[in-house]
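Trainee: Pasting a structure here, questions to come.
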Amino acid sequence: MVYGSETWSLTKSEEHQLAVTERAMERRMLKITKLNHVRNEAIRQQTRVVDVVSKLRWAGHEARMKGDRWTKKMNDWYSRNHKRPVGRPPGRWNDLMRARLGPVWRGMAQDSIKWKAAVDRQLVVT
């Protein structure tokens, strides 16, 4: 939907809002209304949009980057001067990936062939 959105750190509510917006856009592109009673899964098969997989593929690509790349630095960066609102944990992209994939995800991603296989398995699961 938006360039670079793979690296956004989102709350569940924001993820849900984006998913709803994506589905609405897909329906609009295919000229399908709610009155047609077409399931979201059928629309996804027609459009072949896979948002989770693109995020995981980008994660593997970013994990294999050298440490001096700006992309890698920015994904690890956090502001020391900025305070988050009460009840809101730090939301860096790497923290999100660690929470979802486990603490060793960067090590797993170093082998691009194994990472692609793991991503493809994730596609089947979701």
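Just so we're aligned: 89 in numbering that gives the first Met the number 0 is position 90 of the sequence shown, and the numbers increase by one with no gaps anywhere. Even glycine gets a Cβ: it sits at the ideal position worked out from N, Cα and C.
Using three-state DSSP, classify Ile31 as helix, strand or coil.
Mentor: One-based indexing of the sequence shown puts residue 31 at position 32. In this structure, Ile31 counts as coil in the three-state DSSP scheme.
Trainee: Output the residue ranges of the alpha helix (DSSP H) runs that lie fully inside the stretch 55-125 and measure 4 residues or longer, sorted by chain position.
Mentor: 69-75, 92-100, 104-108 and 111-124
Trainee: Where do the ends of the alpha helix (DSSP H) carrying Arg43 lie?
Mentor: To locate residue 43, count along the sequence shown from 1; it is residue 44. Unbroken alpha helix (DSSP H) run through Arg43: Asn39 to Thr46.
Trainee: Around the Cβ of Asn61, are there at least 16 other Cβ atoms within 10 angstroms (buried) or fewer (exposed)?
Mentor: Counting from one through the sequence shown, the residue named residue 61 turns up at place 62. Here the sequence assigns Glu to residue 61, which means Asn is not the residue at that position. By the neighbour-count rule (16 or more Cβ atoms within 10 Å), Glu61 is buried.
Trainee: Taking all protein chains shown into account, decide if Asn35 is buried (16 or more other Cβ within 10 angstroms of its Cβ) or exposed.
Mentor: Here residue 35 corresponds to residue number 36 of the sequence shown, with the count starting at 1. Exposed, by the Cβ-count rule.
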